[in-house]
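Student: So the mapping is simple: my numbering equals the position in the sequence shown, first residue as 1, plus 8.
Sharing a structure, written as structure tokens. Questions coming.
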Amino acid sequence: MNDNLSFPEISDLHKKMFYNCTIAVIFLILGLISFSVPMAGIPGYVPGIIFFAICIIFFVKYYKMKKVFRLNYKQNVVLHVLNQHFQNVNYRWDDGFDRNLVYSLNLISPGNTYSSEDYLSATYKNVHFEQADVTVKEVTTDSDGNTSTTVYFRGRMIVIDYPKITSYVRAVSKKFYHSRSLRKSTFPEIQTENVQFNSLFKVRAASEHDAFYLLTPPMMEKLMYILSSYGNVGLCCQANRMIIAINTRRNAFDANASINLDYEKEIRALTEDVALIENLIDILYS
């Protein structure tokens, strides 16, 4: 497996992936048609088996190419951008946050399907952080065999070292759907003196004192600014860590879906993904 391709070679491999996938789909459709509309004198299953066999061959080629493509794109394009913006970079694109860790944060309702990738640990302006893409879903099947999927969260979780040490404090924007339910007796709801903040966020905390210690007027202004920038946000602070979850509904550090990859466009898109982390730290530490 070649893991040191140049960008033109990566782009060319991306095209070949698309063509192999397209051919596989065409033969899959032909196979389905042959079973429903048999040729004169030829049983439908004969050409159908041939078409399905060709379909499988091209799908196998597609997935093999996809594996090589992702490895090279992540290691030779994404990592290059990360090293330009951060220090002490540890990037494991095929790894992520542990499920139990994410659920223990009490931000997102736990589902029965979980995945995480694009783990990144680094420092920015001497502030250490970790981040990963996280997807949480609930997949159910009714008595008739119909399957439905509810996406609880698909976005980025960012763990930032923060100088204030507190017990558990959580602030979740009211647009942040499927937040985890917390026992009122354990985590009572907190009302701040900022009416606008109260209309945008629901705050629960183990300690009212720690909630107000964290949610100073400047911090509430910062959180409202983050909310206006990214549409929804859930965060919790515990010990000296601030965990921010943003439901972007997409994965970061992925290649463009178009057939032809343009180097400048890819770098711009990746830089925008990086900027989200930089902006959060800049805002919190300003």
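Positions of the beta carbon are idealized from the N, C-alpha and C atoms, including for glycine.
(1) In chain order, what residues of the same chain have a beta carbon less than 6 Å from the beta carbon of LEU269, not counting five sequence neighbours either side?
(2) Look at the Cβ atom of TYR185, then the Cβ atom of GLY119, and state whether they are nearer than 8 Å.
(3) My guess is that PHE195 and TYR170 are in contact by the Cβ rule of under 8 Å, so how many angstroms apart are they, rounded?
(4) Rounded C-beta distance between HIS93 and VAL241? I'm assuming under 8 Å.
(5) When the distance is taken between beta carbons, is LYS75 closer than 8 Å to MET25?
(6) Can ARG192 and LEU208 be called in contact, C-beta distance under 8 Å?
(7) Quick one: what does DSSP say TYR111 is sitting in, helix, strand or coil?
(8) Going by alpha carbons, who is nearest to GLN95 out of SER14, ASN134, VAL180 and SER236?
(9) Since CYS29 sits in a beta bridge, which residues does DSSP pair it with?
(10) Rounded to whole angstroms, what's the CA-CA distance from PHE205 to THR224? Just pull it up for me.
(11) If I'm right that ALA263 touches GLU280 with Cβ under 8 Å, what's the distance once you round it to whole angstroms?
(12) Which value, in whole angstroms, describes the spacing of the CA atoms of ILE166 and ILE285?
(13) What would DSSP say about LYS72, mapped onto helix, strand or coil?
(14) What does the alpha-carbon distance come out to for the pair GLN246 and SER112?
(15) Determine whether the beta carbon atoms of ASP103 and TYR127 lie at a separation below 8 Å.
(16) If distances are taken between C-alpha atoms only, which option among ARG249, CYS29, LEU278 and SER117 comes closest to LEU87?
Tutor: So, from the data block:
(1) SER19 and HIS22
(2) no
(3) That pair is no contact at about 19 Å.
(4) Not quite, the Cβ-Cβ distance comes to about 22 Å (not below 8 Å), so this is no contact.
(5) no
(6) Inspection of the sequence shows that residue 192 is occupied by Lys rather than by Arg. Cβ distance not < 8 Å, so LYS192 and LEU208 don't count as in contact.
(7) helix
(8) ASN134
(9) According to DSSP, CYS29 bridges with nothing at all.
(10) 11 Å
(11) Not quite, the Cβ-Cβ distance comes to about 14 Å (not below 8 Å), so this is no contact.
(12) 8 Å
(13) helix
(14) 11 Å
(15) yes
(16) LEU278
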